[in-house]
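**Q**
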Amino acid sequence: MNNYVRRQVAPKDMQPCSICHTPSTTVLYNDALKDVLYTCPIHLQDNPSFVTPVHSEEYAATLATLQRLQQQLKAEASKGSGSWDTWVNRVFAKKGEEDKKEEKTEKKEDESTPATLQEQYSQTLDRLTALQQQTRRYKLSDTMFQHRQQARRQQELAVARRQREEANYSNTAPEDLERNFSFPSVPSGDPK
Ligand SMILES: [Zn+2]
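In UniProt numbering, the protein residues as written are 1 to 192.
#1: Any chance the region 12-20 sits against the region 32-48, with 3 or more Cβ pairs inside 8 Å?
#2: Can you tell me whether Lys12 is helix, strand or coil according to DSSP?
#3: Taking the alpha-carbon positions, what's the Gln154 to His147 distance?
#4: The beta strand (DSSP E) spanning Asn47 covers which residue range?
#5: Comparing the CB of Ser49 with every heavy atom of ligand 1, is any distance shorter than 7 Å?
#6: Would you call the region 128-145 and the region 46-56 touching, i.e. three or more CB-CB distances under 8 Å?
#7: So the candidates are Leu125, Glu156, Leu33; which of them puts its Cα closest to the Cα of Leu66?
#8: Which of helix, strand or coil does DSSP assign to Leu33?
#9: Can you tell me whether DSSP reads Arg136 as helix, strand or coil?
#10: Can you tell me the Cα-Cα spacing of Pro23 and Ala10, whole angstroms?
#11: Does ligand 1 have even one heavy atom less than 7 Å from the beta-carbon of Thr62?
#12: What three-state label does DSSP hand Ser24 in the structure shown?
#13: Please return the same chain residues whose Cβ sits closer than 6 Å to the Cβ of Asp110, not counting the five positions on each side in sequence.
#14: Rounded to whole angstroms, what is the Cα-Cα separation between Arg7 and Arg152?
#15: Using a Cβ-based criterion (distance less than 7 Å to any ligand heavy atom), does Thr135 qualify as near ligand 1?
#16: Cα-Cα, which of Arg161, Leu44, Thr116 is closest to Glu76?
#17: Going straight from the alpha carbon of Ala61 to that of Gln123, what length do you get?
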């Protein structure tokens, strides 16, 4: 339910950001709730009181890899030099299956100059950053989500009320309307 997808709208459709009121083309959309929330992209970053990104499984896996590489780097640094190749190969074995095509073309280079742990770390970090930028899903903070649900309910009530009023209006016979309401008098269209 608390599941928002980030979208971009055309510049002509920009609307005030719901936080700072600066016109924005970035919008969070909740399909289940039919909620539309305009926001500056900057508020989506490191702002858990507003929103938390929901990353892909690949992101989580890449983050775990990065953390392991970081630990390994620290361990190597404290040990001096060591044999990290087998360790790195093991960690990247799964990932390697996806990148097989790329690896084939780079194989010769790989064999002559195997990537260092630092290089692996930097590649993983790049991948993580790319995945982070691809993230489109967000979860609002509990407070924020409750607020949006409430606002949405009130909006629905207002629409329902207006529809009821319109229905009443159109169900009313014209003579009843004339009896019950006083219309502003229309100025005469034929000047003398
Ligand atoms: Zn803003």
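Note that CB positions come from ideal geometry on N, CA and C, so glycine has one too. A quick note: this is a predicted structure, and the numbers were derived from the prediction, not measured.
**A** Reading it off the structure:
#1: Proximity of the region 12-20 to the region 32-48 meets the contact definition, three or more beta-carbon pairs being nearer than 8 Å.
#2: What you label residue 12 is simply residue 12 of the sequence shown in a count that begins at 1. Residue state for Lys12 is assigned as helix, using DSSP reduced to three classes.
#3: Here residue 154 refers to the residue found at position 154 when the sequence shown is read from its first residue. Here residue 147 refers to the residue found at position 147 when the sequence shown is read from its first residue. Gln154 and His147 have their C-alpha atoms spaced approximately 11 Å apart.
#4: As a working mapping, residue 47 is identified with position 47 in the sequence shown. Note, Asn47: premise wrong, no beta strand (DSSP E); not H, not E.
#5: The sequence position of residue 49 within the sequence shown is 49, counting from 1. It does not: the Cβ of Ser49 is nowhere closer than 7 Å to a heavy atom of ligand 1.
#6: These segments touch.
#7: Translated into the one-based positions of the sequence shown, residue 66 becomes position 66. Nearest option by C-alpha distance: Leu125.
#8: Here residue 33 corresponds to residue number 33 of the sequence shown, with the count starting at 1. It is coil, neither helix nor strand.
#9: As a position in the sequence shown, residue 136 is number 136, starting the count at 1. It is coil, neither helix nor strand.
#10: Numbered from 1 along the sequence shown, position 23 holds the residue referred to as residue 23. Numbered from 1 along the sequence shown, position 10 holds the residue referred to as residue 10. In a straight line, the C-alpha of Pro23 is about 12 Å away from that of Ala10.
#11: To locate residue 62, count along the sequence shown from 1; it is residue 62. Thr62 Cβ: outside cutoff for every heavy atom of ligand 1.
#12: Working through the sequence shown from its first residue, we reach residue 24 at position 24. Three-state result, Ser24: strand.
#13: In the sequence shown, the residue the question calls residue 110 occupies position 110. Residue placement at Asp110 is flagged as unreliable, the pLDDT there being 46, under the threshold of 50; the coordinate-derived value follows with that caveat. Same-chain partners within the cutoff: there are none.
#14: Stepping through the sequence shown from its first residue, residue 7 is reached at position 7. Stepping through the sequence shown from its first residue, residue 152 is reached at position 152. Whole-angstrom Cα-Cα distance: 19 Å.
#15: Locating residue 135 in the sequence shown gives position 135, where the first residue counts as 1. Thr135: no, Cβ never under 7 Å from ligand 1.
#16: In the sequence shown, counting from the first residue as 1, residue 76 sits at position 76. Nearest C-alpha to Glu76: Thr116.
#17: By one-based count along the sequence shown, residue 61 stands at place 61. By one-based count along the sequence shown, residue 123 stands at place 123. Rounded to the nearest angstrom, the two C-alpha atoms are 14 Å apart.
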